[in-house]
Every structure is written in C-alpha cells, then in structure tokens.
Amino acid sequence: MFPKLHISLILLVVSLLLAGIFGRDFMKLHEREPVVKGPGVTRVGKLSSYLPALKDTAGDTDVYYLEGKEPGGTVFVMGGVHANESAGMLSAVILVENAVVNAGRLIVVPHANESGFSNTAPSEGVPSRFHIKTTGGTRWFRYGDRLTNPIDQWPDPEVYVHYPSGQLLSDFEVRNLDRSFPGRPNGNFTERVAYALTELVRKEKADLSIDLHEARPMNPIVNCIITHERAKELSSLASIDLDSKGVQMRLEPSPKKLRGMSHRELGDHTETLAVLMETGNPIQDKLHARADEALILTGKDDFFARAASKGLLYVPYLENGLSMEERVGRNVSSFQELVTVYSDLYPEKKVSVMHLPSYDQVREKGVGQFLLKP
Amino acid sequence: MILILYRLLCVFIALIIIWNMFRSDKTQEKVVYSFLIIPLLLRAFLIK
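Shown next, in the form of structure tokens:
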C-alpha cells in the first residue's frame with residue numbers, strides 16, 4: 003500500500019525539521035527589541051489603555067511618557083508607523099533614551115504599528131534585523147514592512163474604502179496605518195491601531211504631533227516637513243531655522259484630498275498641530291542592488307551614486323551614502339527645532355526638552371553613541 | 009471565520025500531499041511532495 007515507506011517517513015521528518023527551522027526564523031520577527039527607559043522617562047504605558055480592545059494583540063505597543071516638573075504643552079512623537087522606515091523608529095528610540103523634559107510633556111511611541119515589525123515585504127529579500135554598535139554592546143532592531151502583517155489582518159479587499167471620508171484606495175492600503183487615520187474602534191485591525199493613536203492625541207491633549215517617516219530618494223516628497231495648514235506657521239519657521247543651521251527640510255503642504263494620513267486626519271479630527279517628517283532611505287527604493295543590513299545603515303549603493311550624478315534623486319546623495327546617522331540626526335534636530343519654535347509661538351504652552359544630540363553630533367559620533375545599554 | 013477556513017484548507021491540502029507522498033512509488037516525486045508541504049505547515053500554524 004505504501005511503497006518505499008522508509009523513504010516517505012524520512013522525508014516527512016526532514017520536512018517537519020525544515021518547517022521548524024524556517025518557523026523559528028519567522029517567529030524571531032515577533033520578538034520585540036528592547037527599548038531602554040532613559041533618564042527622562044517618568045512612566046511607561048500601553049497603547050491599549052486608549053482602546054482596551056487592543057490589549058494582548060499585536061497592535062498593542064509601549065507608550066513612553068517624559069514629564070517635566072514645570073507645566074507646559076504636550077508634544078506627541080510616533081515612529082514606526084511604517085516599520086521599514088528605520089530612521090523614524092530609531093529617532094523615536096533616541097528621544098526615549100536621551101531626552102529630559104524640563105517643562106511640558108513629551109509622549110513617544112517608537113513602534114506605532116507593532117504588527118508591521120513582525121513581517122517583511124514579500125519578494126524584497128530584505129533583512130529582518132539590523133545591528134548597531136553602542137558603547138554598551140551591540141543592539142538589534144527589527145526591519146519590518148510598510149504594512150500590517152497579514153497574519154493580523156487578512157484578506158485585503160479589492161478596493162479599500164477609507165473611513166470616514168469614503169475615499170477609494172488600492173487594496174493593500176487597507177493595511178497601511180498611514181492611510182487609516184483617524185481610525186474607528188470597531189474597524190479592522192489597522193483602523194483600531196489608528197483609532198487608539200488618535201485617542202491618545204485627544205485624551206492627552208497633544209498640542210503638537212510629529213510622525214517620523216522615511217521616503218524613497220527618487221520620490222519628490224523627501225527631506226521635508228509635511229504640514230497640516232494649522233501648523234503651517236510653526237513648520238515654516240522651523241524649516242527656515244533648520245536651513246540656517248545647514249539642515250535642509252523643505253515644507254510640503256498636507257494634501258486635503260488624500261485621506262488617511264496622520265498629518266491630515268490628526269489635524270482635521272483633533273486639536274493638535276500635525277506634522278510628518280520624511281528623510282531619504284535608499285533601501286525603500288527599487289533602484290538599489292543588494293538589500294542588506296549595510297544598505298539600511300549606510301544607504302550606500304553604486305546605483306544611487308550613479309542616479310545622483312544624473313540628477314535623478316530628490317535628496318543630496320552624500321559621499322558616504324545616506325547613512326542612518328544623517329537620517330536620525332536630521333529627524334532629531336528637526337524635532338528639536340519644531341519644539342523650540344512651538345515654545346516661542348505659544349509661550350504659555352512651552353515645552354523644554356534637554357540632552358538631545360544635534361545633527362552634527364549624531365553624524366560625527368554615530369547613532370550608537372546615543373543608545374543606552376539594555 | 010475566513011482565517012479558520014484558510015487554516016483548515018492548508019491542513020487539508022497538506023494531508024493530501026502527505027497521503028500522495030506515501031502512495032507514490034517514485035522517490036523523485038516523494039522529494040517534491042516533501043518540499044511542498046513545508047509552506048502549508050507554516051501557514052497552518054500561522055507562523056507567516
């Protein structure tokens with residue numbers, strides 16, 4: 003009945019073993035990297051406290067509160083809305099591990115879409131982790147996908163209908179957190195995460211919300227601050243100040259007709275001043291050669307160098323690539339500038355944040371210098 | 009609900025492939041079947 007039974011049994015055992023080995027690799031994507039509570043962190047909460055339905059799901063994530071002794075305004079920062087835009091997540095981690103708040107409050111969510119960090123884009127051949135040397139040893143961080151893991155939300159519809167605008171978007175955008183704001187409590191998984199983040203902004207009365215992203219160097223919307231119209235004055239002044247310090251961050255208006263993005267929906271549905279920052283990340287573009295850890299960290303690629311020489315990039319392609327140092331330094335210094343200008347414009351809601359490295363310091367000393375030992 | 013049906017489908021197809029692997033008398037076919045069941049097992053356990 004079963005010819006060559008012994009071969010079948012051996013092959014079945016081999017298949018199970020291989021499934022176990024591959025499965026372990028996949029399971030490592032669900033392991034969350036440590037984020038160290040810095041000297042300014044006064045408490046750590048959970049996103050599910052703003053929407054209990056997220057508790058014990060892949061959508062729950064840590065919320066870090068850095069509260070000053072003096073009263074003031076509240077600034078909310080989120081990284082990892084797109085889990086493949088590493089400098090955004092890493093900049094948020096730098097804030098958690100270094101910032102000390104004297105006046106006002108800083109609330110940071112480094113992994114806004116936790117589910118996105120538990121998968122990588124199919125067929126892209128990207129690494130699932132990258133490592134950074136610090137003074138206290140090597141730290142690891144996940145490199146995820148732009149979208150929510152289909153394990154947590156599946157299947158995609160043929161057309162995604164954004165709530166509440168009713169705008170029609172491509173099918174896969176249904177798992178894009180930055181197309182799901184303001185979200186709804188009884189919506190799909192990604193909409194629930196968006197709703198919890200919107201609730202955080204509402205309940206904590208965040209005066210300024212900053213969403214940290216990265217973009218393809220061949221995309222015109224890069225090295226810029228995308229700003230809701232109510233935050234235009236703040237962003238314009240910050241952009242001018244940054245320019246005078248040698249950090250070019252252009253100003254981009256938040257499009258009114260493209261729905262679901264944090265800078266549009268948080269600005270429209272809450273009282274906060276909403277902005278989003280983009281730095282250039284070569285691994286996100288299709289132009290690159292091998293997609294490995296080095297590309298995430300250095301942004302160095304011969305194809306990009308050639309494209310830059312032909313004027314095809316929208317970011318200055320530096321001699322040493324577009325390193326993590328350049329991108330994180332740009333984000334952190336832009337954050338500092340936005341907070342400074344905000345405090346100047348609204349002195350009654352002053353927010354004073356200390357001990358953050360400057361653009362030049364991050365570029366010279368490296369990101370690892372500002373990461374703590376877990 | 010749709011996820012439960014998906015898992016059941018993965019388990020069902022994996023069992024059919026395993027059955028065919030045991031029934032086949034060609035070693036080459038057995039090897040192909042053994043590779044085919046790996047992604048189905050991972051999907052059945054919702055690992056990816």
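Sequence order for the protein chains is U and G. So in the working numbering, spot 268 of the first sequence is number 270, and the numbers just go up one at a time. So in the working numbering, spot 19 of the second sequence is number 27, and the numbers just go up one at a time. By construction, the Cβ of each residue, glycine as well, lies at the ideal position given by its N, Cα and C atoms. Owing to the predicted nature of the structure, the values given are computational and were not obtained by experimental measurement.
Under a CB-based cut-off of 8 Å, is L17(G) close to chain U? no
Closer than 8 Å to chain G by CB, P5(U): yes
What's the C-alpha gap between L170(U) and I153(U)? 24 Å
Give a yes or no on whether 8 Å exceeds the smallest Cβ distance from F174(U) to chain G. no
F30(G) versus L20(U): straight-line alpha-carbon distance, rounded: 19 Å
Measure how close the beta-carbons of G269(U) and K302(U) come, nearest whole angstrom, since I'm counting them as under 8 Å. The pair is not a contact, with the Cβ atoms about 36 Å apart (cut-off 8 Å).
Would you verify that the beta carbon of V128(U) is, or is not, closer than 8 Å to some beta carbon of chain G? no
Answer yes if the segment 211-227 of chain U comes into contact with the segment 117-124 of chain U, meaning at least three C-beta pairs across the two stretches below 8 Å, and no otherwise. no
Closest Cα partner of V64(U) within the set I109(U), L289(U) and P284(U): A quick correction: the sequence has Asp, not Val, at residue 64(U). The residue with the shortest Cα to Cα distance from D64(U) is I109(U).
Going along chain U, which residues have a C-beta under 7 Å from L11(G)? W156
Cα-Cα separation, G379(U) to V111(U): Absent from the structure is residue 379(U), since the part of chain U shown begins at 3 and ends at 376.
CA-CA distance, S335(U) and Y361(U)? 6 Å
Beta-carbon gap between V203(U) and F78(U) smaller than 8 Å: yes
Can you name the residues of chain U whose CB is closer than 7 Å to the CB of I21(G)? Those do not exist, as I21(G) stays about 14 Å from chain U at its closest Cβ, beyond 7 Å.
Spatial neighbours of I45(G) within its chain, please: C-beta separation below 7 Å, excluding the five flanking residues on both sides. A22, I25 and I26
Smallest Cα separation from D243(U): which of Q338(U), D180(U) and A198(U)? Q338(U)
Taking a contact to mean a Cβ-Cβ separation below 8 Å, would you say T76(U) touches K205(U) in this structure? no
Can you grab the Cα-Cα spacing for the pair F183(U) / V195(U), in whole Å? 9 Å
Would you mind listing the beta strand (DSSP E) stretches within the segment 6-68 of chain U that are 3+ residues and don't spill past its ends, in chain order? 45-48
Neighbouring residues, chain U, relative to I24(G) (Cβ below 9 Å): Neighbours of I24(G) on chain U: none; closest Cβ ~14 Å, over 9 Å.
Counting C-beta neighbours from all protein chains within 10 Å, is the total for T191(U) 16 or more, i.e. buried, or is it exposed? According to the sequence shown, residue 191(U) is Phe rather than Thr. F191(U) is buried by the Cβ-count criterion.
Give the interface partners of S10(U) over in chain G, defined as CB-CB distance under 7 Å, in chain order. M29, F30 and K38
So, helix, strand or coil for W27(G), using DSSP? helix
According to DSSP, residues forming a beta bridge with K71(U): K71(U) is not bridged to any residue.
Looking at C-beta atoms only, is the number of pairs between the segment 268-283 of chain U and the segment 225-233 of chain U that lie closer than 8 Å three or more? yes
Hey, G282(U) and N225(U): beta-carbon distance below 8 Å or not? yes
With H, G and I counted as helix, E and B as strand and the rest as coil, what does DSSP make of A114(U)? coil
Can you tell me whether DSSP reads L289(U) as helix, strand or coil? coil
8 Å Cβ cut-off: residues of chain A touching S17(U): Among the chains of the structure shown, chain A does not appear; the protein chains present are U and G.
Exposed or buried, E350(U), counting other C-beta atoms within 10 Å across all chains shown (16 or more means buried)? exposed
L214(U), enclosing beta strand (DSSP E) - first and last residue: L210 to A217
For I153(U) and chain G, any beta-carbon pair shorter than 8 Å? yes
Under 8 Å by Cβ, that's how I've got G70(U) and N100(U) pegged, so tell me the actual separation to the nearest angstrom. 15 Å between Cβ atoms; not a contact.
Start-to-end residues for the beta strand (DSSP E) that takes in M279(U): L275 to G282
Would L268(U) count as contacting chain G if we go by Cβ distances under 8 Å? no
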